[in-house]
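Novice: Residue numbers (the working numbering): 546 to 1052.
As structure tokens, this is what we get:
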């Protein structure tokens, strides 16, 4: 019978192809589920790493102030340690020199008593003359100082008045700056909106490939210029906000001290004549004190001559004992200094270890941010102004959506493949039965199911081609094979049906 053998062969081939399609479907769905599990674990691990990095960064920033303070303390302590070390070395050298001097002055100690006694009488006479002149000088000096105190008090009042007026100037300066910023605010708001709109247009144009080359450079220059103006305003506003506490404090100070200022200014005006008179009196008293000081200097010179002789004798008497006491005290100081340096050195080592602990943590956080930036999508968002952690999380979300879309696309293809294979398998079984023993229901059912299998397979192949099913060759081959053999089966079934009809009509 015409087409019988062809139908039988196509039915067998379609059965095998559909079984292959069902196996490929199972493998594909299994791979989708495995991929889903792997991607979910990767997402969880990535988010955990991001959270760890965020926690580490937060911990680092919370400890930064303590680190900066500790670093300053360490550097200050190190400088003091070096100074102490040099002082200790100098003290040791001084101690050694003192020991040598003490040994050399033993003979001079015995000869000093005679010199001391002979000069004592001469010194006492000169001292009496000097004390008389000093008393006279001190009397004039006290009077001079009293007048000088009045002058100082007046000038202190002048300084307070000047300080208050300087505060008024600073308050006025702040208010002028605030007025300028307030006047610029509408321009800033409009400029910022325009900048954000242009930036969005620019990004959209770049993504669409409409803005490239010189046009892109021109856009970037325009955006950079607009951003610079916005930054200039924001810097001025931030500076004004930072100075606000000083302004409020200064304004409060001016209000609190206004009465004091006005009273002080009035007092200055009232005492101005007395101040000028006192200043003139001091100017006249100055030469008199200078003359008295000259006389004292002359007497002091004579006294110094006698004192030199007396000190020479006294020094020779006491030098040996003083040297011994000095050496003993120096020895105690040296021992204490060594102990202090040892303690400081230990403290510096502990401080350095704490600083290194922070710096190691900072290096790890920076390495983590660098690792995030290796992802091109994350780096692009960071370059666009987004914080690294936010950029990483957003990329994870985007990748999740992308992966979900890809997996769902594959599931749709595999479900369609399974449906086409099931339709084809049933159609092929009916076709094989019809080829063995013709029956209307078998032929009709086989033809309908074969057409359904063909249509579903065609749809699956078209959808798969649009969604890169070539990346999964087994499933792609199954879809193509089911479609091809479903087509051959439909042709064979239709040929067989037409042959039967012709035979029944007696043609």
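Using N, Cα and C, we set each Cβ at its ideal position, and we do this for glycine too.
Within the chosen definition, does the region 956–972 reach the region 983–997 through at least 3 CB pairs nearer than 8 Å?
Specialist: Cβ pair count under 8 Å is three or more, so yes.
Novice: Check residue 1018 in the structure and name its three-state DSSP category.
Specialist: Along the chain shown, read from residue 1 onward, the residue named residue 1018 stands at position 473. If DSSP states are grouped into helix, strand and coil, residue 1018 belongs with the helices.
Novice: Could you tell me the distance, in whole angstroms, from the CA atom of residue 624 to the CA atom of residue 733?
Specialist: Locating residue 624 in the chain shown gives position 79, counting from the first residue. Locating residue 733 in the chain shown gives position 188, counting from the first residue. Looking at the two C-alpha atoms, the distance is approximately 49 Å.
Novice: Straight-line CA distance for residue 574 to residue 960?
Specialist: The residue labelled residue 574 in the question sits at position 29 within the chain shown. The residue labelled residue 960 in the question sits at position 415 within the chain shown. Cα to Cα, the separation comes out at about 9 Å.
Novice: Classify residue 933 as helix, strand or coil using the three-state DSSP reduction.
Specialist: Mapped onto the chain shown, residue 933 falls at position 388. Looking at residue 933 - three-state DSSP - the assignment turns out to be helix.
Novice: What's the call for residue 583, buried or exposed, on a 16-neighbour Cβ count within 10 Å?
Specialist: Within the chain shown, the letter at position 38 stands for residue 583. That one is exposed.
Novice: Buried or exposed: which applies to residue 1048, given that a residue is buried once 16 or more other Cβ atoms fall within 10 Å of its Cβ?
Specialist: Taking the first residue of the chain shown as 1, we reach residue 1048 at position 503. Classification for residue 1048: exposed.
Novice: Looking at the secondary structure, which residues open and close the alpha helix (DSSP H) in which residue 551 lies?
Specialist: Residue 551 sits at position 6 when you count from the first residue of the chain shown. Start and end: 549–649.
Novice: Compute the Euclidean distance between the alpha carbons of residue 676 and residue 656, then round it to the nearest angstrom.
Specialist: On the chain shown, position 131 is the one that residue 676 refers to. On the chain shown, position 111 is the one that residue 656 refers to. C-alpha separation (whole angstroms): 31 Å.
Novice: Counting Cβ pairs, one atom from each stretch, are 3 or more of them under 8 Å apart for the region 808–818 and the region 699–711?
Specialist: Verdict: yes, contact present.
Novice: Among 836, 948, 943 and 1007, whose alpha-carbon lies nearest the alpha-carbon of residue 681?
Specialist: To locate residue 681, count along the chain shown from 1; it is residue 136. Measuring from the Cα of residue 681, the nearest candidate turns out to be 836.
Novice: Could you check the C-alpha separation between residue 585 and residue 938 for me, to the nearest Å?
Specialist: Against the chain shown, residue 585 aligns to sequence position 40. Against the chain shown, residue 938 aligns to sequence position 393. If you take the alpha carbons of residue 585 and residue 938, they lie about 14 Å apart.
Novice: Taking residue 636 as the reference, give the member of 710, 649, 883 and 927 with the closest Cα.
Specialist: Indexing the chain shown from 1 puts residue 636 at position 91. Among 710, 649, 883 and 927, the Cα nearest to that of residue 636 belongs to 883.
Novice: Please report the straight-line C-alpha distance between residue 595 and residue 745, rounded to a whole angstrom.
Specialist: In the chain shown, residue 595 corresponds to position 50, counting from 1. In the chain shown, residue 745 corresponds to position 200, counting from 1. Going from the Cα of residue 595 to the Cα of residue 745 covers about 28 Å.
Novice: What are the uninterrupted segments assigned as alpha helix (DSSP H) that are 4 or more residues long and contained completely in the region 986–1010, given in chain order?
Specialist: DSSP runs (the alpha helix (DSSP H)) wholly in the region 986–1010: none.
Novice: Rounded to a whole number of angstroms, what is the C-alpha to C-alpha distance between residue 934 and residue 592?
Specialist: On the chain shown, residue 934 is found 389 positions in, with the first residue counted as 1. On the chain shown, residue 592 is found 47 positions in, with the first residue counted as 1. Near 10 Å, if we compare the C-alpha coordinates of residue 592 and residue 934.
Novice: Within this structure, are the beta carbons of residue 830 and residue 689 separated by less than 7 Å?
Specialist: The count along the chain shown starts at 1 and reaches residue 830 at position 285. The count along the chain shown starts at 1 and reaches residue 689 at position 144. Yes, the Cβ-Cβ distance between residue 830 and residue 689 is below 7 Å.
Novice: Thinking C-alpha only, which one of 977, 1004 and 1002 is nearest residue 991?
Specialist: Sequence index remark: in the chain shown, residue 991 carries index 446 (1-based). Checked all of 977, 1004 and 1002; the closest Cα to residue 991 is 977.
Novice: Determine the closest residue to residue 876 out of 687, 644, 731 and 979, with distance taken between C-alpha atoms.
Specialist: Counting from one through the chain shown, the residue named residue 876 turns up at place 331. When each option's Cα is compared against that of residue 876, the closest is 644.
Novice: On the DSSP letters alone, give me the boundaries of the alpha helix (DSSP H) that residue 919 sits inside.
Specialist: The count along the chain shown starts at 1 and reaches residue 919 at position 374. Neither: residue 919 is in no alpha helix (DSSP H) and is coded neither H nor E.
Novice: Can you name, in chain order, every residue of its own chain whose Cβ lies under 7 Å from the Cβ of residue 785, other than the five neighbours on each side?
Specialist: As a working note, residue 785 is residue 240 in the chain shown. Cβ neighbours of residue 785 beyond the five flanking positions: 722, 723 and 726.
Novice: Do residue 823 and residue 686 come within 7 Å of each other at the CB atom, strictly closer than that value?
Specialist: Numbered from 1 along the chain shown, position 141 holds the residue referred to as residue 686. Numbered from 1 along the chain shown, position 278 holds the residue referred to as residue 823. No, the pair does not count as a contact, with Cβ atoms beyond the cut-off.
Novice: Suppose contacts are defined by Cβ-Cβ distances below 7 Å. Is residue 569 in contact with residue 1019 by that definition?
Specialist: Numbered from its first residue, the chain shown carries residue 569 at position 24. Numbered from its first residue, the chain shown carries residue 1019 at position 474. Result yes, Cβ atoms of residue 569 and residue 1019 sit closer than 7 Å.
Novice: Could you give the DSSP three-state label for residue 973: helix, strand or coil?
Specialist: By 1-based counting over the chain shown, the position of residue 973 is 428. In this structure, residue 973 counts as helix in the three-state DSSP scheme.
Novice: Does the count of Cβ pairs from the region 549–567 and the region 944–952 closer than 8 Å reach three?
Specialist: In short, these stretches do not touch, since the Cβ pair count stays below three.
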